[in-house]
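Asker: Sending over a structure as structure tokens; questions will come in a sec.
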Amino acid sequence: MNKITPQPGIMDIALYQGGQSHVEGVENVIKLSSNENPFGPSPKAIEAVRDSATMLHRYPVTDHYNLRAAIGERHGLDPDRIICGVGSDEVLQFVAQAYAGPGDEVIHTEHGFSMYPIIARMAGATPVEVPERDRKVDVDAILAAVTDRTRIVFVTNPGNPTSTMISDAELTRLAEGLPQTCLMVLDGAYAEFVPGFDGGAGLVDRFDNVIMTRTFSKIYGLGGMRVGWGYAHREIIDVLNRVRQPFNLSLTAIAAAEAAVADVEYVEFCRAENARLREWLSAELARIGVPSDPSCTNFILARFADQAEAEACDAYLQSKGLIVRRVAGYKLPNALRITVGDEKACRRVVAAITAFKGGAA
Numbered sequence: 001m002n003k004i005t006p007q008p009g010i011m012d013i014a015l016y017q018g019g020q021s022h023v024e025g026v027e028n029v030i031k032l033s034s035n036e037n038p039f040g041p042s043p044k045a046i047e048a049v050r051d052s053a054t055m056l057h058r059y060p061v062t063d064h065y066n067l068r069a070a071i072g073e074r075h076g077l078d079p080d081r082i083i084c085g086v087g088s089d090e091v092l093q094f095v096a097q098a099y100a101g102p103g104d105e106v107i108h109t110e111h112g113f114s115m116y117p118i119i120a121r122m123a124g125a126t127p128v129e130v131p132e133r134d135r136k137v138d139v140d141a142i143l144a145a146v147t148d149r150t151r152i153v154f155v156t157n158p159g160n161p162t163s164t165m166i167s168d169a170e171l172t173r174l175a176e177g178l179p180q181t182c183l184m185v186l187d188g189a190y191a192e193f194v195p196g197f198d199g200g201a202g203l204v205d206r207f208d209n210v211i212m213t214r215t216f217s218k219i220y221g222l223g224g225m226r227v228g229w230g231y232a233h234r235e236i237i238d239v240l241n242r243v244r245q246p247f248n249l250s251l252t253a254i255a256a257a258e259a260a261v262a263d264v265e266y267v268e269f270c271r272a273e274n275a276r277l278r279e280w281l282s283a284e285l286a287r288i289g290v291p292s293d294p295s296c297t298n299f300i301l302a303r304f305a306d307q308a309e310a311e312a313c314d315a316y317l318q319s320k321g322l323i324v325r326r327v328a329g330y331k332l333p334n335a336l337r338i339t340v341g342d343e344k345a346c347r348r349v350v351a352a353i354t355a356f357k358g359g360a361a
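Written as structure tokens, this is what we have:
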């Protein structure tokens, strides 16, 4: 008897592994594995969520007009060129669903977000991994990998889990070198942590085949709400909206995101505190022999002598109630990704790693 079988490529998908959130037998745990905002969401977003509770019997709007307008006003963008999704992940999925399929290739870098090859395979396309250089996106390596089958190039900038970023000049060089038949996707989940960085909006305006994505999960502290957005030329947005489900965002998520994007003062506070504590954390760890690249995000990629030391340090941190992220799956086996928490959390991390390395905690 014939069996029901999934589409080709589906069983090649490795399940995404989220950040660990608890340690068996350990209390007072601090989760530093998912790059969440340690200060939580804006109080105005919390108030908007409470207010939305009286309307939960109503369907949400289908066009997200007010949210798109709020995003457009905050970033100086045309709301008609914005699409909203269940996290930026869903917008990335729209792109692959609409522009890639069997026989097509989707390029991603070796340390890029692990959802990229998953998304490619979901669409039936073939993911193509290219190397990075010193934990940075290598534009030349990407351009060398482009073929007449390439339909999408995913670039995380700033990078996750590397924390590094490449310049506007390098991004421009990449956009200029890609064929018009290929979409360049700039994933800017951490763009808000870089002062003055537009996330690629200028490139979108210059090139017809560039789209940028952003999220409310990081600096806005709305990971539990799952809201993201993309910005591209209207022709691309029109295509993506044809595969978007009409009620993809809940009424509550929309309300929270609208309030969060308008609270500029709170975002500035989170950005400033993250920068201050990130600098301190990276400097203190470097002082005891645990270096990291200059970070453009809300985490650092702490590097150890080898995989064994990284795993031993992770186990020690867990015993002390500190959960960070192993990144061997991102081809960085000698490193741990550590979210920049609040000051108390950062001091606990430094004390624990100092003790692990044999110093005085």
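The UniProt record's numbering numbers the first residue of the sequence shown as 1 and each following residue consecutively. All residues carry an ideal CB built from backbone N, CA and C; glycine is no exception.
Please list, in chain order, all residues of the same chain as ARG74 whose beta carbon is under 8 Å from its beta carbon, the five residues on each side excluded.
Answerer: Result list for ARG74: VAL261, ALA262 and VAL264, in chain order.
Asker: Could you spell out the range, first to last residue, of the alpha helix (DSSP H) harbouring PRO43?
Answerer: Per DSSP, PRO43 belongs to the alpha helix (DSSP H) from 43 to 52.
Asker: Using 10 angstroms around the beta-carbon of ASP138, count the other beta-carbons present and answer buried if the total reaches 16, otherwise exposed.
Answerer: With 16 or more other Cβ atoms within 10 Å, it is buried.
Asker: Please state if the CB of MET184 and the CB of VAL210 are separated by a distance shorter than 8 Å.
Answerer: A contact, by the Cβ cut-off of 8 Å.
Asker: For the candidate residues ASP78, GLY358 and ARG58, whose alpha-carbon lies nearest to that of ASN66?
Answerer: The shortest C-alpha separation from ASN66 is found at ASP78.
Asker: Here's a check: name, in chain order, each residue in its chain whose Cβ is nearer than 7 Å to the Cβ of ASP80, leaving out the five neighbours to either side.
Answerer: If we look at ASP80 and ignore the five residues flanking it on each side, its Cβ neighbours are ARG234.
Asker: Sort ASP89, VAL91, SER88 and ARG149 by Cα distance to ILE107 and report the nearest one.
Answerer: Answer by Cα proximity: ARG149.
Asker: Is the beta carbon of TYR231 sitting closer than 8 Å to the one on ILE82?
Answerer: Yes, they are a contact pair.
Asker: Once you ignore the five residues that flank LEU174 on each side, which residues in its own chain have a CB closer than 8 Å to its CB?
Answerer: VAL139, ILE142, LEU143, VAL153, VAL155 and MET184.
Asker: What is the rounded straight-line gap between the Cα of LEU317 and the Cα of THR181?
Answerer: When rounded, the distance between both Cα atoms is 47 Å.
Asker: Which two residues bound the contiguous beta strand (DSSP E) that contains HIS75?
Answerer: HIS75 -> not in any beta strand (DSSP E); alpha helix (DSSP H) instead, spanning 65 to 75.
Asker: Whole-angstrom Cβ separation of ALA256 and PRO41, contact assumed at under 8 Å?
Answerer: Sure, about 7 Å apart at Cβ, within 8 Å.
Asker: Mapping the DSSP letters down to three states, classify VAL243 as helix, strand or coil.
Answerer: Reduced to three states, the DSSP call for VAL243 is coil.
Asker: Taking the alpha-carbon of LEU250 as reference, which of LYS31, CYS296 and TYR59 has the nearest alpha-carbon?
Answerer: Per the sequence shown, residue 250 should be read as Ser rather than Leu. Considering only alpha carbons, the answer is TYR59.
Asker: By DSSP, does MET11 sit in helix, in strand, or in coil?
Answerer: Helix.
Asker: In the DSSP assignment, find the beta strand (DSSP E) that holds CYS84 and state where it starts and stops.
Answerer: Element bounds for CYS84: 82 to 85.
Asker: Is the distance from the Cβ of GLY177 to the Cβ of MET212 below 8 Å?
Answerer: Cβ atoms of GLY177 and MET212: not closer than 8 Å.
Asker: Tell me GLY230's beta-bridge partners as DSSP assigns them.
Answerer: BP columns for GLY230 point to ILE83 and THR213.
Asker: For the alpha helix (DSSP H) containing PHE356, name the first residue and the last one.
Answerer: From DSSP, the alpha helix (DSSP H) with PHE356 extends over 343 to 356.
Asker: Hey, out of THR126, ILE71 and THR252, whose CA is closest to PRO102's CA?
Answerer: Minimum Cα distance to PRO102 is reached at THR126.
Asker: Starting from the Cα of VAL61, find the closest Cα among VAL267, GLN245 and VAL91 and give me that residue.
Answerer: Closest option to VAL61, Cα to Cα, is GLN245.
Asker: What residue from ALA308, TYR330 and ASP342 has the CA that sits closest to LEU322's CA?
Answerer: The shortest Cα separation from LEU322 among ALA308, TYR330 and ASP342 belongs to ASP342.
Asker: Select from LYS344, ALA352 and LEU332 the residue whose C-alpha is nearest the C-alpha of THR162.
Answerer: The residue with the shortest Cα to Cα distance from THR162 is LEU332.
Asker: Are VAL324 and SER33 closer than 8 Å when you measure CB to CB?
Answerer: In this structure, SER33 lies closer than 8 Å to VAL324 by Cβ.
Asker: Quick one: what's got a C-beta closer than 8 Å to ALA98's C-beta in the same chain, skipping five residues either side?
Answerer: So the qualifying residues of the chain are VAL239, LEU240, ARG242 and VAL243.
Asker: How is LEU32 classed by DSSP in three states: helix, strand or coil?
Answerer: It is coil, neither helix nor strand.
Asker: Compute the Euclidean distance between the alpha carbons of ILE118 and PRO6, then round it to the nearest angstrom.
Answerer: The alpha-carbon atoms of ILE118 and PRO6 are separated by roughly 15 Å.
Asker: Report yes if the C-beta distance between GLY223 and GLU36 is below 8 Å; otherwise report no.
Answerer: Contact: yes.
Asker: Let me know if HIS57 comes out buried or exposed under the rule of 16 or more other beta-carbons within 10 Å of its beta-carbon.
Answerer: Flag for HIS57 reads exposed.
Asker: Which term fits ILE4, buried or exposed, when burial requires 16 or more other beta carbons within 10 angstroms of its beta carbon?
Answerer: So ILE4 counts as exposed.
Asker: Rounded to a whole number of angstroms, what is the C-alpha to C-alpha distance between ILE338 and ILE10?
Answerer: ILE338 and ILE10: Cα-Cα distance of roughly 31 Å.
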